[in-house]
Amino acid sequence: MKPQIHVQDLNVWYGQQQALKNITFDIPARGITAIIGPSGCGKTTLLRCLNRLIEETEEVRVTGQVFVDGADIYNRSTDVTEVRTRVGLLAPKPFPLPMSIYDNVAYGPRIHGRRKGEHIDQLVERHLRAADLWDEVNGRLRAPASRLSTGQQQRLCLARALAVEPEVLLCDEPTSALDPISAQRIEAQLQALKEERTIVVVTHLLRQARRLADDLVFLWLGELVEYGPAAKMFSAPKDERTRAYLAGDIG
Amino acid sequence: MKRHQIEERFFKALMIASMVVVLGSLALILGTIVWRGLSALNLAMLTQTPKGGYYLGKEGGILNAIVGSLYLAGGATALALVASLPIAVYLNSYAGRSRYAELARLALDVLWGVPSIVYGAFGFIIMLWLGIRASLLGGIIALALLELPIMARGMDEAIAMVPLALKEASYALGATRLETALKVVLRQTGPALVTATLLAFGRGIGDTASVLFTAGFTDRLPDSLFDPAASLPLAIFFQLNTPFPAVQERAYASALVLMLIVLGLGLISRQRSGRLAKHLIR
Amino acid sequence: MSIEEALQSILHGQRPEPRGVSLGLNRRVKDHLARRSMAALTLAMGLLVPLIALVLLLRAWPILATRPLGDLLLATAWQPLKGAFGFAPFIMSTLWVTSVGMIIAVPPSLLTAIYLAEYAPARVHTLVKPFIELLASIPSVIFGVWGVLAIVPFLERVVSPTLGHWLGFIPLFRADNPTGYCVLAGGLVLAVMVFPIIIAVTEEVIRAVPQGLREASFALGATRWQTVKHVVMRRAMPGVAAAVVLGFSRAFGETMAVLMVVGNVPKVPHSVFDPAYPLTALIANNYGEMMSIPLYDAALMGAALILLLIVLIFNILARLLLLQWVRSKQET
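Residue numbers (my numbering), protein chains in the order written: chain A, 96 to 346; chain B, 268 to 549; chain C, 78 to 409.
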């Protein structure tokens with residue numbers, strides 16, 4: 096099966112500091128791939144390279160290629176906004192847009208030209224259901240999104256990200272700002288979504304990786320150490336550093 | 268999806284055009300003043316007071332206005348300093364985040380927005396009440412009122428930036444708030460306080476409406492606080508309003524002199540805050 | 078100065094004192110006195126605005142007490158020698174000139190602020206900021222000189238004939254005035270004067286919008302402008318409104334620059350090319366004569382009072398808007 100994402104010789108510098116060194120690996124289509132490693136190893140940097148959000152940081156330099164469905168997203172002629180409709184992102188801290196719940200979810204589609212009223216209604220409902228939020232907000236869709244609890248806001252952000260129907264969903268520590276119950280609900284939704292989409296999760300919680308991951312990518316100090324099916328890596332890691340990290344000896 | 272790309276480029280062009288308009292106006296103003304003022308500027312303008320008939324085109328210069336402005340702004344800045352510094356220190360070392368301090372800062376912001384002509388009118392009434400005639404003293408009082416909020420705000424912001432840890436270290440050693448303020452805080456904020464003072468001075472020297480009623484005007488240099496004092500902005504205004512082109516040219520030259528003073532002050536204050544910053548604890 | 082030196086100076090700065098109560102007492106007394114006097118100064122400063130308002134009111138009382146307020150504010154006849162004090166031409170003039178000025182100033186200011194906050198690379202930003210601050214430091218009389226030298230002739234020879242010719246059928250653009258001294262001249266000069274304050278406050282407000290919000294929008298595939306339009310500006314709106322109100326307040330109180338270019342004819346303007354006579358110019362132009370004509374000084378002080386009150390209202394409005402903006406910041 097052809098990989099959904101293929102990263103080739105990716106290098107990232109913040110000013111003079113190199114954050115990622117010669118990263119090459121594949122992310123298979125469908126399923127959940129978890130990027131793991133100790134803090135500061137470059138997980139978030141790597142994730143943000145996959146939808147070119149890394150370019151928003153000042154003084155950053157990126158070399159290498161990232162192929163999504165065979166096309167290099169770093170190609171000069173590629174429209175970055177198009178890349179981001181195919182590769183969505185869920186941030187660690189929920190940032191609801193300053194508008195109603197309805198408008199938050201509708202924001203993505205509207206930006207990309209979909210304006211038909213009823214069509215949007217259905218779309219909003221569909222994705223709020225997919226994020227397990229519909230039952231709680233149905234009836235107050237026009238209320239400001241800021242009034243939701245943190246857990247609800249994160250699910251709203253999930254619905255919002257799904258509304259542009261990306262093939263790939265990147266999740267950067269999606270439950271780190273949430274209480275255990277909300278975290279569990281998000282994890283449940285990600286499990287449900289992996290049937291139809293490719294999900295890439297960055298996490299520093301090994302237990303979360305064990306629960307969710309079909310495949311693992313292990314980073315250490317900006318370098319790719321090992322990647323592959325999660326079950327194999329957990330039981331028989333090839334690299335000593337992987338073994339040590341998974342056992343809790345380091346990081 | 269080309270529509271949003273067109274939109275992006277259109278607005279980016281519009282924004283750059285706006286910036287060009289803003290900066291272009293600045294360039295236009297500076298350029299016009301320099302162009303028209305430079306040709307009429309000569310040493311006599313700077314070193315002589317107006318002789319008889321100056322406003323009709325005869326000899327003299329604007330020394331009366333230059334000296335008058337320096338006295339007015341100097342006196343006003345000193346007076347405003349005497350009030351601003353204690354207020355700024357008080358707001359930061361004693362009142363802190365209390366309701367009272369918030370109200371005081373609100374009052375300062377309101378004062379900052381009062382038009383200078385209102386200060387002039389107020390100063391005028393006070394002068395009438397005190398029996399003072401249009402004079403250096405009157406101008407100083409009105410200008411000091413104008414400069415006070417500018418200076419106090421600048422000093423307040425400067426002092427507020429002193430890290431709390433530094434003040435607390437001092438208190439922990441048993442120093443009183445006053446001692447901490449004088450020996451630690453003020454030393455730390457020295458350059459920024461100087462900048463605030465220079466900024467207020469620059470504002471004072473360029474203001475017309477507040478000295479209009481209160482300082483009077485004269486062709487001579489003021490000998491005492493109770494003499495009327497000329498000021499550069501008023502000198503510019505009066506020369507411009509004569510029907511003689513030669514005198515109007517002098518107005519442009521006077522405008523250039525005022526511009527250079529204000530620009531010079533701006534440069535100095537920018538320099539100072541840069542150079543002395545190396546002494547600060549970060 | 079290092080922190081060790083700072084602390085050393087505290088220790089060494091004290092005079093040797095005999096032991097006992099007097100050591101502590103002397104320092105505490107000084108502290109207490111200092112605190113009292115500084116508090117008194119601050120209080121005095123806080124009372125300044127009410128004091129100024131009161132003093133102006135007292136001085137304006139003779140005219141306020143003898144004429145109904147409505148008459149004063151709405152009458153258009155201004156003939157001090159005959160005792161006619163109708164403020165309408167001056168209030169309307171101020172409104173005309175200030176409004177024209179704001180209409181000209183706001184779009185470029187907002188766009189510039191957005192550019193500086195969202196688009197400009199750091200180098201451009203550090204290069205441009207000092208120049209905007211420079212613009213803010215230029216004295217108003219210099220703006221007036223520039224207005225007389227450049228704006229008035231330009232309007233007279235270029236703008237008024239062309240616009241008057243093409244748009245003259247619209248009352249707003251009727252060009253009866255042969256000179257360039259008009260509302261539009263005042264508006265243009267005022268616009269340039271308020272650029273810096275609107276730009277500075279707007280930029281600060283925009284910068285305060287959290288980066289996470291922008292990234293959330295980018296991650297959905299929005300362009301930078303779409304993000305600015307739908308997310309950033311929406312979030313910054315109360316602050317931007319405050320910036321505009323502050324600009325308006327500044328323009329309202331401006332005296333010299335406007336006085337020099339606006340014509341000073343005491344009639345209500347009906348076109349941007351008509352001359353005007355703002356309140357500030359009224360006070361500035363006539364203070365010389367005001368003591369010699371009965372009630373004239375009271376009238377002018379009344380004008381100053383109106384000016385003060387309006388500026389106060391605007392400032393408080395701006396404050397409330399900023400408070401609302403701070404509150405909206407805390408919501409996410």
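Built from N, CA and C at the ideal position, the CB exists for glycine as well.
ask   = Who are N106/A's beta bridge partners in DSSP?
value = Answer is T158/A, bridged to N106/A.
message = Given this structure, state the Cα-to-Cα distance separating N362/C from V321/C, to the nearest angstrom.
response = Linking N362/C to V321/C through their CA atoms gives a straight-line distance of about 28 Å.
query = Counting only beta-carbon atoms, is Q303/C nearer than 8 Å to chain A?
reply = For Q303/C, the answer is yes, since a Cβ of chain A falls inside 8 Å of its Cβ.
request  = Would you verify that the beta carbon of Y322/B is, or is not, closer than 8 Å to some beta carbon of chain C?
outcome  = Closer than 8 Å: no.
query = CB I281/A to CB R250/A, shorter than 8 Å?
reply = In this structure, R250/A lies closer than 8 Å to I281/A by Cβ.
request  = My understanding is that L530/B touches I333/B, with C-beta atoms under 8 Å, so please give their C-beta distance in whole angstroms.
outcome  = Taking a contact as a CB-CB distance under 8 Å, the pair L530/B and I333/B does not count as one, their CB atoms being some 15 Å apart.
ask   = Is it buried or exposed for Q538/B, if we count other Cβ within 10 angstroms and need 16 for buried?
value = The residue in question, Q538/B, is exposed, as its Cβ has fewer than 16 Cβ neighbours within 10 Å.
ask   = Do G323/A and the ligand MG come close, with the Cβ less than 7 Å from some heavy atom?
value = This structure lacks the ligand MG, and indeed carries no ligand of any kind.
query = Going by beta carbon distance, what residues of the same chain come within less than 6 Å of V107/A, once the five residues before and after it are set aside?
reply = Cβ neighbours of V107/A beyond the five flanking positions: A114, L115, T140, V157.
ask   = Name the chain E residues whose beta carbon is nearer than 7 Å to that of E275/B?
value = Here chain E cannot be found, since the structure's protein chains are A, B and C.
key: Residue closest to V388/C, alpha-carbon to alpha-carbon, out of F295/C, V335/C, F329/C   = V388/C has its Cα closest to that of F329/C, out of F295/C, V335/C, F329/C.
query = Is the beta carbon of G183/A less than 8 Å from the beta carbon of T293/A?
reply = It is not a contact, given that the beta carbons lie outside the stated cut-off.
message = Classify M286/B: buried if its beta carbon has 16 or more other beta carbons within 10 angstroms, exposed otherwise.
response = Buried.
ask   = Any Cβ of chain C within less than 8 Å of the Cβ of L105/A?
value = L105/A has a beta carbon lying at 8 Å or more from every beta carbon in chain C.
query = On the three-state DSSP scale, how would you describe A166/A?
reply = The answer is strand: DSSP assigns A166/A an E or B state.
message = Taking the beta strand (DSSP E) that G160/C belongs to, which residues open and close that run?
response = For G160/C, no beta strand (DSSP E) segment is defined, and its DSSP state is neither H nor E.
query = Are the segment 469-486 of chain B and the segment 134-143 of chain C touching by the rule of at least three beta carbon pairs closer than 8 Å?
reply = Cβ pair count under 8 Å is below three, so no.
request  = Please state if the CB of C136/A and the CB of G343/A are separated by a distance shorter than 8 Å.
outcome  = No, these two residues do not count as a Cβ contact at 8 Å.
request  = May I have the straight-line CA-CA distance separating V235/C from G263/C, to the nearest angstrom?
outcome  = Straight-line Cα distance between these residues: approximately 16 Å.
task = Could you name the residues of chain B that R291/C contacts, counting a contact when the two beta carbons are closer than 7 Å?
result = Result: empty, since nearest Cβ-Cβ is about 15 Å, beyond 7 Å.
inquiry  = Would G185/A and V200/A be called neighbours here (beta carbons separated by less than 8 Å)?
reply    = Looking at the sequence itself, residue 185/A is Leu, so the reference to Gly does not match. Not closer than 8 Å, so no.
ask   = Hey, would you say V174/C sits closer than 8 Å to V260/C, going by beta carbons?
value = Cβ distance < 8 Å, so V174/C and V260/C count as in contact.
task = Can you tell me which of L297/B, A340/B, E326/B puts its alpha carbon nearest to the alpha carbon of T464/B?
result = Of the listed residues, the one whose Cα sits closest to T464/B is A340/B.
key: Cross-strand partners of H101/A (DSSP beta bridge)   = D121/A, F162/A, per the DSSP bridge assignment.
task = Would you list, in sequence order, the uninterrupted alpha helix (DSSP H) runs of no fewer than 4 residues that lie entirely inside the segment 402-431 of chain B?
result = Restricting attention to alpha helix (DSSP H) runs no shorter than 4 residues, the segment 402-431 of chain B encloses them at 403-427, ordered along the chain.
ask   = According to a CB-to-CB cut-off of less than 8 Å, which residues of the segment 162-181 of chain A neighbour chain B?
value = Residues of the segment 162-181 of chain A whose Cβ lies closer than 8 Å to any Cβ of chain B, in chain order: D174, T176, E177.
key: Residue range of the alpha helix (DSSP H) that includes E321/A   = If you look at E321/A, you'll find it isn't in any alpha helix (DSSP H); it sits in the beta strand (DSSP E) that goes 318-324.
inquiry  = Is there a C-beta anywhere in chain B that falls below 8 Å from the one on T357/C?
reply    = At least one CB atom of chain B sits nearer than 8 Å to the CB of T357/C.
ask   = Is it a yes or a no for the segment 323-338 of chain C touching the segment 371-384 of chain B, going by three-plus beta-carbon pairs under 8 Å?
value = The segment 323-338 of chain C makes contact with the segment 371-384 of chain B; the number of CB pairs closer than 8 Å reaches 3 or more.
request  = Could you pull the start and end residues of the beta strand (DSSP E) that I294/A belongs to?
outcome  = Secondary structure note for I294/A: its beta strand (DSSP E) is the uninterrupted segment 293-297.
task = Return no unless some Cβ of chain A is closer than 8 Å to the Cβ of A142/C.
result = Not flagged as an interface residue toward chain A: A142/C, since no C-beta distance is shorter than 8 Å.
inquiry  = I want to verify the contact list: residues of chain C whose CB lies under 8 Å from the CB of M282/B, in sequence order.
reply    = Neighbours of M282/B on chain C, chain order: L188, T189, I191, Y192, Y196.
request  = Tell me whether M282/B is buried or exposed, calling it buried when 16 or more other Cβ atoms sit within 10 Å of its Cβ.
outcome  = Counting other Cβ atoms within 10 Å of its Cβ, M282/B reaches 16 or more and is therefore classed as buried.
query = Are A293/C and A395/C close, meaning C-beta to C-beta below 8 Å?
reply = No, the pair does not count as a contact, with Cβ atoms beyond the cut-off.
ask   = With burial defined as no fewer than 16 other Cβ atoms inside 10 Å of the residue's Cβ, what is the status of K138/A: buried or exposed?
value = Counting C-beta atoms within 10 angstroms of its own C-beta, K138/A has 16 or more neighbours from the protein chains shown and is therefore classed as buried.
query = DSSP on A350/B, reduced to helix/strand/coil?
reply = Of the three classes helix, strand and coil, the one that applies to A350/B here is helix, per DSSP.
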